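Below you'll find the structure, written out as structure tokens, and then a few comments.
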Amino acid sequence: MNESKIKRDPEGTRRRILAAAAEEFANGGLSGARVDQIARRALTNERMLYYYFGSKEQLFTAVLEQSFSCLSEAERQLDLEGLEPVEAITQLAHFIWNYYFEHQDLLRLLNNENLHEARYIKSSARINEMMSPVTSVLASILMRGAEAGVFRADVDPLRFYVTLSALGYYVLSNRYTLAAILGRDFTEPEERVEVLKLSTEMVLCYLRSKPEGS
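For what it's worth, full-length UniProt numbering labels the leading residue of the sequence shown as 1, then goes sequentially.
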């Protein structure tokens, strides 16, 4: 693609760079990703990449922002308020597992960002503004469940969300080592169904249990 066409389609060029960078960063991390390879995948050149994003680190931050934006938007599409509490939690658990399974590049990006101690997330005002929109909805579901007598009343929504997310995150982010060590691929269709069923039943059992001394 020649430079004149690139200049006539700045948004298209930017989108291609972000898409190529997301794949490169997910596969090689910030250190392993190559700017020349990103530019090649995006059908542009390194000069245009630096023009739009300034540096490799700023491009990595932009990729993280886009990934979180997509997750936040998907969460906003959830319609859980009209459901009974148990069904709402079940659907949320299924959503989280399926989203992570379908976006495993997000898990790899987060794993790499943890190696950097969240340096680039901390530097992004945009990510800080995109706190999970589902946590406020979750708080409402937990409250409704407690008022109906089907859930315990001492559940912290944010801790619960992190724990719920961790169940799927661990299995998927460690899929290859788990398969190598345990001899079972938990991302195979049958295993996915059973693991999702198990994790959902675990969180529902916790929500239905009564705290000690109650």
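All C-beta atoms, glycine included, are put in the ideal place defined by N, C-alpha and C.
These numbers come from a predicted model, not from an experiment.
Kindly list the residues whose CB is nearer than 8 Å to the CB of Asn2, restricted to its own chain and excluding five residues on each side of it in sequence; keep chain order. Per-residue confidence for Asn2 stands at a pLDDT of 49, beneath the threshold of 50, marking its modelled position as unreliable; no derived number is given.
Excluding the five sequence neighbours on either side, which residues of its own chain have a C-beta within less than 8 Å of the C-beta of Glu46, listed in chain order? Val35, Asp36 and Ala39
Can you give the Cα-Cα distance for Met202 and Phe160, rounded to whole angstroms? 12 Å
From what residue to what residue does the alpha helix (DSSP H) around Ala42 run? Careful: Ala42 lies outside any alpha helix (DSSP H) and carries neither H nor E.
Going by DSSP in three states, Val150 sits in which element: helix, strand or coil? coil
To the nearest angstrom, report how far apart Val193 and Ala146 are at their CA atoms. 28 Å
Give the single residue among Ala180, Ser140 and Thr61 whose Cα lies nearest to the Cα of Asn128. Thr61
Whose C-beta lies closer than 6 Å to the C-beta of Leu59 among residues of the same chain, with five residues either side of it excluded? Ala21 and Phe53
With a cut-off of 8 Å on the beta carbons, I'd call Pro211 and Arg119 a contact; round off their distance for me. The Cβ separation is near 38 Å, so there is no contact.
Skipping 5 residues on each side, what residues in its chain have a beta carbon closer than 8 Å to that of Asp105? Ala22, Glu23, Ala26 and Ser67
Taking the straight line between their C-alpha atoms, what separation do you get for Leu107 and Gly29? 11 Å
Kindly indicate which residue of Asp9, Ala125 and Val63 has the alpha-carbon position closest to the one of Thr44. Asp9
From this set, Leu64, Thr13 and Ser140, which residue's C-alpha is nearest Arg126's C-alpha? Leu64
Decide if Ile17 is buried, meaning its Cβ has at least 16 other Cβ atoms within 10 Å, or exposed. buried
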